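In case it helps, my numbering puts the sequence shown at residues 32 to 414. First comes the structure, then the notes that go with it.
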Amino acid sequence: MVAEGTWRPARVLVDTAAIGRNVAKLRALCAPAAICAVVKANGYSHGAVFAAEAALAAGAAGLAVALVDEGVELRDAGITAPILILAEPHPSAMEACFHHHLTPTVASAAGVDAAIAAASARGGKNPVHLKIDTGMHRVGAAPEEAVGLAARVHACPTLTLEGCYTHFAVADGVDDAATAFTEHQLATFDAVLFEMEGLGVVPTLRHAANTAGAIRFPASRYDMVRCGIGIYGYAPAPDVDATLAAAGLSPLEPALSLTATVSAVHHLPAGARPSYGRRRALPQPATVATVPLGYADGVPRSFFDHDLHVLIGGVRRPLAGAVTMDQIVVDCGADPVAVGDDVVLIGRQGDAVITANDWAERLSTIHYEVLCRLSARVPREAQ
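Now the structure itself:
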């Protein structure tokens, strides 16, 4: 287990009310489809339990995670809602899935064999979801194999084929090719469902849409949508807010702030070169503030090279030197700064805002990665 820096003045602050409002907007848009809140990767770094409880309180019908261990964490926290494991567990984990009332994905003959064995030993009726690969080519049964697997699950007296689903590769793409491919995936999925229905196999829950699909492709909503990045307040595609506005809904609201307080202050002359590598000479005498967050916490070392800023006193301020494992140094110019002053790396301070999108744009990555790389050693606090 990663030790949290509880005594260090640095926090990930989680606006659980914002998560609730985001879930409510997605519910309103996608109704009557149910919302499955994706809380894998520690709730995209928001804290899995915080995110799960906020989403469920706002009307989410269930949760989804990537790992059996993530599902067990939620059960240990007292969460009783349905929890889907979004990848086929290792056969050795199948019994644990059913023991903790988690719903595993099956996507192969070996996975179905493991589910049958674990369910037969346990007894009762144990739900599974069958995942079909319609073009993502990552996890899922080939369409020509899926019907046979569904039939095997359906025939097992201790299993229930509760759900059948697929996953989009480019639902966030805005060009014609991306739209056409998503529509091709939907058509493939529908064809498999039709063939299954011909054999009398009709799952209760059909689902395909991630956040982008749920917002941009109404036909993909089926019985349930799996929303991840959207519940945390980030749009997966540039036209999402326009789609929400057309439905009379306000934009999604980012729910996470990464904050700290100044831990040390140095008054340095022009030409001083703070931090490892002595990368930058201060152009003028400056107050340099040390902030107790570094690359071990998810502030990438390239933060300095890409001229990203932090907020101190409501002002955007550049780094004075390279990011280190546990700390950064900030050039505050001639402004007075004191130990204990608030620092915002992601979030709002006064009228100034820095978002995960700002990081992603400069770092040539996506907001998912910016959020998910925030280390577990930074404590999470619900606001």
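No residue lacks a Cβ here, since even glycine has one placed at the ideal position from N, Cα and C. As the structure is a prediction and not an experimental result, all values here were calculated from the model.
Identity of the residues DSSP links to residue i by a beta bridge
| i | result |
| --- | --- |
| Met255 | Ala65 and His238 |
| Ser123 | For Ser123, which the question treats as bridged, DSSP gives no partner whatsoever. |
| Pro412 | The displayed chain sequence assigns Glu, not Pro, to residue 412. Glu412 is bridged to Leu44. |
| Gly194 | His160 and Leu236 |
| Gly279 | The partner list for Gly279 (beta bridge, DSSP) is empty, contrary to what the question assumes. |
| Thr134 | Leu115 |
DSSP state of residue i mapped onto helix, strand, coil
| i | result |
| --- | --- |
| Pro188 | coil |
| Lys162 | strand |
| Val155 | Looking at the sequence provided, one finds Gly at residue 155 rather than Val. Looking at Gly155 - three-state DSSP - the assignment turns out to be coil, as it is neither helix nor strand. |
| Glu175 | helix |
| Thr386 | coil |
| Val370 | coil |
| Gly102 | helix |
| Ala291 | strand |
| Ile116 | strand |
| Val170 | coil |
| Leu57 | helix |
| Phe313 | Inspection of the sequence shows that residue 313 is occupied by Leu rather than by Phe. Three-state DSSP puts Leu313 in coil, outside helix and strand. |
| Ala149 | helix |
| Thr355 | coil |
Where the beta strand (DSSP E) containing residue i begins and where it ends
| i | result |
| --- | --- |
| Asp270 | From DSSP, Asp270 is part of no beta strand (DSSP E); its letter is neither H nor E. |
| Lys71 | Counting along the chain, Lys71 falls outside any beta strand (DSSP E), though it belongs to the alpha helix (DSSP H) covering Lys71 to Tyr75. |
| Arg347 | Val346 to Pro349 |
| Asp9 | For the chain, the structure presents residues 32 to 414; residue 9 sits outside this window and is missing. |
| His298 | Ala295 to Leu299 |
| Asp373 | Asp373 to Gln380 |
| Val96 | Gly93 to Val96 |
| Leu342 | His340 to Ile343 |
CA-to-CA distance, residue j to residue i, given in whole angstroms
| i | j | result |
| --- | --- | --- |
| Gln414 | Ala85 | 11 Å |
| Thr210 | Ala250 | 12 Å |
| Leu87 | Leu283 | 17 Å |
| Glu119 | Leu161 | 9 Å |
| Ala245 | Ala353 | 41 Å |
| Thr292 | Thr386 | 18 Å |
| Ile50 | Glu126 | 32 Å |
| Glu193 | Glu412 | 35 Å |
| Leu217 | Asn388 | 29 Å |
| Thr396 | Cys403 | 12 Å |
| Lys56 | Tyr265 | 13 Å |
| Thr37 | Gly371 | 16 Å |
| Ala312 | Ala303 | 5 Å |
| Leu229 | Val178 | The question names Leu, but residue 229 is Gly in the sequence shown. Computed Cα separation, rounded: 10 Å. |
| Ala278 | Gly74 | 27 Å |
| Leu339 | Ile110 | 39 Å |
| Val99 | Asp164 | 21 Å |
| Gly381 | Leu394 | 25 Å |
| Met167 | Met227 | 21 Å |
| Ala355 | Val159 | In the sequence under discussion, the amino acid at residue 355 is Thr, which differs from the Ala named in the question. Approximately 45 Å, taken between the alpha carbons. |
| Arg347 | Ala383 | 8 Å |
| Glu101 | Cys258 | 17 Å |
| Ile262 | Thr290 | 21 Å |
| Ala112 | Leu236 | 15 Å |
| Ala95 | Gly78 | 14 Å |
| Ala41 | Asp254 | 41 Å |
Cβ separation of residue i and residue j, assumed to be a contact under 8 Å, to the nearest whole Å
| i | j | result |
| --- | --- | --- |
| Ser76 | Leu342 | Actually they are not in contact, since the Cβ atoms of Ser76 and Leu342 sit about 19 Å apart, beyond 8 Å. |
| Ala351 | Val401 | Contact flag wrong, Cβ pair sits at about 22 Å. |
| Ala68 | Ala82 | 7 Å |
| Asp357 | Pro323 | 7 Å |
| Ala91 | Val54 | 6 Å |
| Phe129 | Arg153 | 5 Å |
| His238 | Tyr196 | 4 Å |
| Val409 | Val80 | Contact flag wrong, Cβ pair sits at about 16 Å. |
| Ala391 | His398 | 5 Å |
| Val256 | Ile66 | 6 Å |
For residue i, the first and last residue of its enclosing alpha helix (DSSP H)
| i | result |
| --- | --- |
| Gly36 | From DSSP, Gly36 is part of no alpha helix (DSSP H); its letter is neither H nor E. |
| Val223 | Asp207 to Gly229 |
| Gly204 | From DSSP, Gly204 is part of no alpha helix (DSSP H); its letter is neither H nor E. |
| His398 | His398 to Cys403 |
| Ala83 | Ala79 to Ala88 |
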